[in-house]
Amino acid sequence: MNSAENIILPETEFERKIIGSEAFLSGTAFQSKGKSHPERSVYTHILQILKFIDMMPWVEYRKDLRIIALLHDLGKHRVVYDENRNIVGNSHSMHAEEIAREFLEDSRLLYIIRIHDRHYGFYKSYTGGKFDEKKFLETFKPADLELLTRFNYADSNSRDKSPVIWFEDTCVNLGLKKEKIYIDQPDVLKYLTAQ
Numbered sequence: 000m001n002s003a004e005n006i007i008l009p010e011t012e013f014e015r016k017i018i019g020s021e022a023f024l025s026g027t028a029f030q031s032k033g034k035s036h037p038e039r040s041v042y043t044h045i046l047q048i049l050k051f052i053d054m055m056p057w058v059e060y061r062k063d064l065r066i067i068a069l070l071h072d073l074g075k076h077r078v079v080y081d082e083n084r085n086i087v088g089n090s091h092s093m094h095a096e097e098i099a100r101e102f103l104e105d106s107r108l109l110y111i112i113r114i115h116d117r118h119y120g121f122y123k124s125y126t127g128g129k130f131d132e133k134k135f136l137e138t139f140k141p142a143d144l145e146l147l148t149r150f151n152y153a154d155s156n157s158r159d160k161s162p163v164i165w166f167e168d169t170c171v172n173l174g175l176k177k178e179k180i181y182i183d184q185p186d187v188l189k190y191l192t193a194q
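Given below as structure tokens:
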């Protein structure tokens, strides 16, 4: 990680505080063993998200998206698994929210960090014929969906685009959102893996 393009550079003093913290250093040192992150490294994944954000015309969302990106996966190293690789206790996103509370008081951003990956579970339930619309609404209605949806696209930039498109379509179909980002801004799909 010696070239400038492989270094996460802070844009604000607040970002500098996060990036220089022990929580960030510990969290980004984690190497994923699962299939959810093809890049394996939390640090590399955050860097990819920040580069994706740089390519999008989301000026009014940029500051919040960057903060969420820096904090959203810092809990991965705290997750405990049993012998069958089932999570025992809190998920990485719940641990990440706990870590984020060291830096943030903004309940809107904290909630997005807590639920940033929930759309994937709902997508898997839907494709398995077990979609729980009531639970979906309870989970996502309180969220800033314009911000969350943009973050979902950025977070999925090296993965299958089907879950994030399904999530946005479902939010629109259920009346939680009015417009689809990927229709208004088709470039958002350009960098996602086609599957």
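The opening residue of the sequence shown carries number 0 in numbering that gives the first Met the number 0; numbering runs sequentially from there. For each residue, glycine too, the CB sits at the ideal point set by N, CA and C.
Residue nearest to E59 within the set R149, K129 and H76 is R149 (criterion: CA-CA distance).
In this model, M54 and I66 are separated by some 16 angstroms (Cα to Cα).
The beta carbon of E167 sits closer than 6 angstroms to those of T148 and K179, all from its chain and outside the five residues before and after it, given in chain order. Sequence-distant Cβ neighbours of R117 in its own chain, meaning closer than 6 angstroms and more than five residues away, are T138. Counting other Cβ atoms within 10 Å of its Cβ, E12 stays below 16 and is therefore classed as exposed. Our two residues, K177 and S90, have alpha carbons roughly 30 angstroms apart in a direct line. Between the beta-carbon of L73 and that of F23 there is about 6 angstroms, and that keeps the pair under the 8 angstroms contact cut.
Closest by C-alpha distance to P141, out of C170, N85, I18 and A68, is C170.
Setting aside the 5 residues that flank it on each side, E132 has no residue in the same chain whose C-beta is closer than 6 angstroms to its C-beta. Between Y152 and F51, the gap from beta carbon to beta carbon is short of 9 angstroms. In the same chain as L173, and ignoring 5 residues on each side of it, the C-beta atoms closer than 8 angstroms to its own belong to E132, F135 and L136, in chain order. DSSP places D81 outside both helix and strand once states are collapsed to three, so it counts as coil. Residues S20 and A22 of the same chain have their beta carbon placed closer than 8 angstroms to that of E101, with the five preceding and five following residues left out of the count. The DSSP-derived three-state label of S40 is strand.
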